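Each residue of the sequence shown is one higher than the last, beginning at 3 in my numbering.
Reviewing the structure listed below.
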Amino acid sequence: MRILKGHWQLLLLTAAVFAFWQTQALIPLKILIVFFHEASHAIATLLTGGEVVSLSVSADQGGLVLSRGGSRFWTLTAGYLGSLLIGVALLIAATKTKLDRQVMALTGVIILIIAGFYVREVFALCFTIGTGLAMIAAAVMLNHNINDMILRVIGLTSMIYVPFDIFSDTIARSNLRSDARMLAEEFGGTTVMWGGLWLVISLVIIWWCIRHVLGRSSNLTLR
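Now the structure itself:
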C-alpha cells in the first residue's frame with residue numbers, strides 16, 4: 003500500500019507504456035531508445051580510442067554504427083546497457099532533481115551534436131534533428147512539471163524496452179546478427195550466454211534504481 007501511495011504516478015505511467023506497447027503511439031519513443039543504444043556504441047568507441055564513421059536509426063526500430071578501432075568488447079557491450087543507463091539517469095533526474103528543463107535541453111543538444119557529426123541517412127537525420135529541437139523547445143516553452151513527465155516517460159520506456167529487447171534479440175532469437183552474437187564470435191561463449199548476462203545485469207540495475215534511488219515517494223507535486 004505504501005508503494006502504491008508513494009509511487010502511483012510511476013506505476014500509472016508504467017501501466018500506460020505496457021498498454022500502448024504494441025501500438026504506433028510508442029514507435030517514436032522506441033526509436034529514441036534505439037538511438038540511445040547506437041549512441042552508446044559510438045561513445046564507447048570514442049572512449050576506447052576508436053573513430054565513429056556514421057550512426058543511423060530506421061523507422062523499423064533498427065540501428066547501425068559504423069566505426070573503426072576502439073575496444074570491440076566494450077563497444078559491443080555498451081549498446082543495451084548504455085541505453086538502459088541513459089534511461090535510468092533521465093528517470094533519476096526527473097524524480098530526484100529540479101533540473102528537468104536543463105536536462106531536457108542538454109539531452110536535445112547532445113542529440114543534435116551527434117546528428118551533426120555522425121548521422122547521414124535521411125530518416126535518421128530527420129528523426130534526430132526533429133527530436134533534438136523538440137526537446138530544446140520543450141525545455142524553453144513548457145513548464146517544469148511537463149518536462150519532468152516527459153523525462154519520466156522516456157526513462158521508464160528505456161527501462162522496459164531494454165530488457166525486452168535483450169531477451170528478444172539474444173535469447174528468443176539467438177540466430178540474429180546481434181551484439182551478443184558478434185561478441186560470442188569474437189571473444190568466445192554463446193549468444194545466449196552474453197544475452198543472458200546482459201539481461202541479468204539490466205534487471206539488477208533496474209532493481210537498484212527502484213530500491214535505492216526512488217525512495218519512499220517519487221510522485222510529482224502537481225501544481
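Positions of the beta carbon are idealized from the N, C-alpha and C atoms, including for glycine.
Remember, it's a predicted structure, so these values are computed and weren't measured experimentally.
Residue environment, residue i, which counts as buried when at least 16 other CB atoms sit within 10 Å
i	result
residue 30	exposed
residue 64	exposed
residue 1	Residue 1 is absent from the model: the chain starts at 3 and stops at 225.
residue 143	exposed
residue 40	buried
residue 130	buried
residue 154	buried
First through last residue of the alpha helix (DSSP H) which encompasses residue i
i	result
residue 188	181-189
residue 123	First-last for residue 123: undefined, no H or E at that position.
residue 32	29-49
residue 199	193-210
Which of helix, strand or coil DSSP assigns to residue i
i	result
residue 93	helix
residue 177	coil
residue 130	helix
residue 101	coil
residue 150	helix
residue 26	helix
residue 73	coil
residue 15	helix
residue 158	helix
residue 135	helix
Residues of its chain near residue i, where Cβ-Cβ distance is below 8 Å and the 5 sequence neighbours each way are ignored
i	result
residue 211	90, 93, 94 and 161
residue 203	83
residue 200	79, 82, 83, 168, 172 and 182
residue 205	165
CA-to-CA distance, residue j to residue i, given in whole angstroms
i	j	result
residue 151	residue 157	10 Å
residue 196	residue 25	30 Å
residue 105	residue 47	24 Å
residue 159	residue 179	24 Å
residue 60	residue 116	16 Å
residue 146	residue 183	42 Å
residue 73	residue 193	19 Å
residue 139	residue 17	27 Å
residue 19	residue 171	20 Å
residue 11	residue 68	40 Å
residue 122	residue 66	12 Å
residue 51	residue 13	41 Å
residue 62	residue 43	19 Å
residue 141	residue 102	8 Å
residue 32	residue 191	29 Å
Delimiting residues of the beta strand (DSSP E) encompassing residue i
i	result
residue 65	65-70
residue 170	That residue, residue 170, is in no beta strand (DSSP E); it is neither H nor E in DSSP.
residue 57	53-59
Cβ shell of residue i (< 6 Å), same chain only, five flanking positions each side left out
i	result
residue 185	78 and 196
residue 134	110, 113 and 114
Distance cut-off 7 Å: residue i Cβ against heavy atoms of the ligand COA
i	result
residue 172	Here there are no bound small molecules, and the ligand COA is not part of this structure.
Sequence-distant residues of the same chain with beta carbon closer than 7 Å to residue i, five excluded per side
i	result
residue 55	68, 69 and 70
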